[in-house]
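Chemist:
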Amino acid sequence: MIRPVAWLHAFEHRLVLRRLAQGHEPNGLRVLLFHQLYASRAEADAATGLPFEAFTVDQLAEVIRSLQQAGYSFVGPEAPLAGRQVLLTFDDGYASVLRALPVCEHYQVPLMLSITTHALASGNAFWWDVSYRQLRRAGRSHAQAMGEVNRRKTHPPRTHTPPQTPLDRPLTVAELQSLAAHRLVSLANHTHTHPLLTGLSDSALIDELNACTERLER
Ligand SMILES: [Zn+2]
Numbered sequence: 021m022i023r024p025v026a027w028l029h030a031f032e033h034r035l036v037l038r039r040l041a042q043g044h045e046p047n048g049l050r051v052l053l054f055h056q057l058y059a060s061r062a063e064a065d066a067a068t069g070l071p072f073e074a075f076t077v078d079q080l081a082e083v084i085r086s087l088q089q090a091g092y093s094f095v096g097p098e099a100p101l102a103g104r105q106v107l108l109t110f111d112d113g114y115a116s117v118l119r120a121l122p123v124c125e126h127y128q129v130p131l132m133l134s135i136t137t138h139a140l141a142s143g144n145a146f147w148w149d150v151s152y153r154q155l156r157r158a159g160r161s162h163a164q165a166m167g168e169v170n171r172r173k174t175h176p177p178r179t180h181t182p183p184q185t186p187l188d189r190p191l192t193v194a195e196l197q198s199l200a201a202h203r204l205v206s207l208a209n210h211t212h213t214h215p216l217l218t219g220l221s222d223s224a225l226i227d228e229l230n231a232c233t234e235r236l237e238r
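Counting from 1, position 41 in the sequence shown corresponds to residue 61 in the working numbering; the numbering is continuous, with no gaps.
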């Protein structure tokens with residue numbers, strides 16, 4: 021049974037951890053999903069791309085430590101279901117995921133990277149960060165910009181904008197290859213251009229998944 025934990029934001033992570041640490045949580049797999057990983061709160065606050073959970077390296081370590089102390093085991097995607105388990109995943113393939121690896125090594129925790137491949141080879145920023153930043157600079161509120169980015173997911177724009185900061189850069193192919201060779205790391209298909217899958221025809225959906233798989237296998 022897969023029990024996704026409520027969207028885990030940095031500001032509420034202690035509440036979620038407290039709930040998970042209660043003795044009466046049932047067996048099953050919880051999937052913890054992250055995107056960017058910041059070195060500090062100041063760095064998270066200064067980021068201008070699409071805001072995600074805004075976790076720092078220290079907070080990730082706290083999440084892992086607390087759940088291990090509460091009796092959860094961290095597993096990779098292939099592990100058979102047994103007891104209370106957690107799968108740690110990072111979406112999209114931001115370069116800042118490199119910061120998660122030393123934490124995972126320290127606590128011996130598997131790490132699944134769900135990679136969207138369109139920006140990987142080009143080194144350009146992810147289109148949703150480019151869109152969000154442009155919309156905010158044009159005076160849209162956070163909610164308006166998020167709504168517009170979600171609408172654009174029906175037909176993801178083909179942006180070719182270089183990263184603005186080291187944080188909105190995707191992993192390079194060499195970085196991804198070295199991560200993929202690590203014994204704690206596994207890769208997963210996260211589509212090629214990250215469209216809204218429910219809005220795609222069957223053939224477009226298959227194309228998106230195949231394009232991603234093809235590039236990951238290279
Ligand atoms: Zn994603």
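From the three backbone atoms N, C-alpha and C, an ideal C-beta is built for every residue, glycine too.
Buried or exposed for Arg203, please, with buried defined as at least 16 other CB atoms from any protein chain shown within 10 angstroms of its CB.
Modeler: The residue given as residue 203 occupies position 183 in the sequence shown. So Arg203 counts as exposed.
Chemist: Tell me the DSSP secondary structure of Gly167 in three-state form.
Modeler: In the sequence shown, residue 167 corresponds to position 147, counting from 1. Three-state result, Gly167: helix.
Chemist: Give me, in chain order, the residues of the same chain whose beta-carbon lies closer than 7 angstroms to that of Leu101; leave out the 5 immediate sequence neighbours on both sides.
Modeler: Your numbering for residue 101 matches position 81 in the sequence shown. Answer for Leu101: Leu49, listed in chain order.
Chemist: So, does the stretch 116-125 touch the stretch 151-161, judging by three or more C-beta pairs under 8 angstroms?
Modeler: With the cut-off at 8 angstroms, the stretch 116-125 and the stretch 151-161 do not touch.
Chemist: Beta-carbon separation of Gln184 and Ala139 under 8 angstroms?
Modeler: Residue mapping note: residue 184 aligns to position 164 of the sequence shown, counting from 1. Residue mapping note: residue 139 aligns to position 119 of the sequence shown, counting from 1. Their beta carbons are not under 8 angstroms apart, which means Gln184 does not touch Ala139 by this criterion.
Chemist: Which of helix, strand or coil does DSSP assign to Thr218?
Modeler: Within the sequence shown, numbered from 1, the residue matching residue 218 stands at position 198. Helix at Thr218.
Chemist: So, with DSSP's three-state summary, where would you put Ser161?
Modeler: Locating residue 161 in the sequence shown gives position 141, counting from the first residue. Three-state DSSP puts Ser161 in coil, outside helix and strand.
Chemist: If you draw a straight line from the C-alpha of Arg153 to the C-alpha of Pro71, how long is it?
Modeler: Translated into the one-based positions of the sequence shown, residue 153 becomes position 133. Translated into the one-based positions of the sequence shown, residue 71 becomes position 51. Rounded to whole angstroms, Arg153 to Pro71 spans 10 angstroms at the Cα level.
Chemist: Please find out if some non-hydrogen atom of ligand 1 comes closer than 7 angstroms to the beta-carbon of Asp112.
Modeler: Your numbering for residue 112 matches position 92 in the sequence shown. Within the cutoff, so yes.
Chemist: For Arg235 and His180, what's the separation of their Cα atoms in angstroms?
Modeler: The residue you call residue 235 lines up with position 215 of the sequence shown. The residue you call residue 180 lines up with position 160 of the sequence shown. Spanning the two alpha carbons is a distance of roughly 18 angstroms.
Chemist: If contacts are defined as beta-carbon pairs under 8 angstroms, then Ser86 and Ala41 qualify, I think. What distance do you get, rounded to the angstrom?
Modeler: As a position in the sequence shown, residue 86 is number 66, starting the count at 1. As a position in the sequence shown, residue 41 is number 21, starting the count at 1. With a Cβ gap of about 6 angstroms, Ser86 and Ala41 count as contacting.
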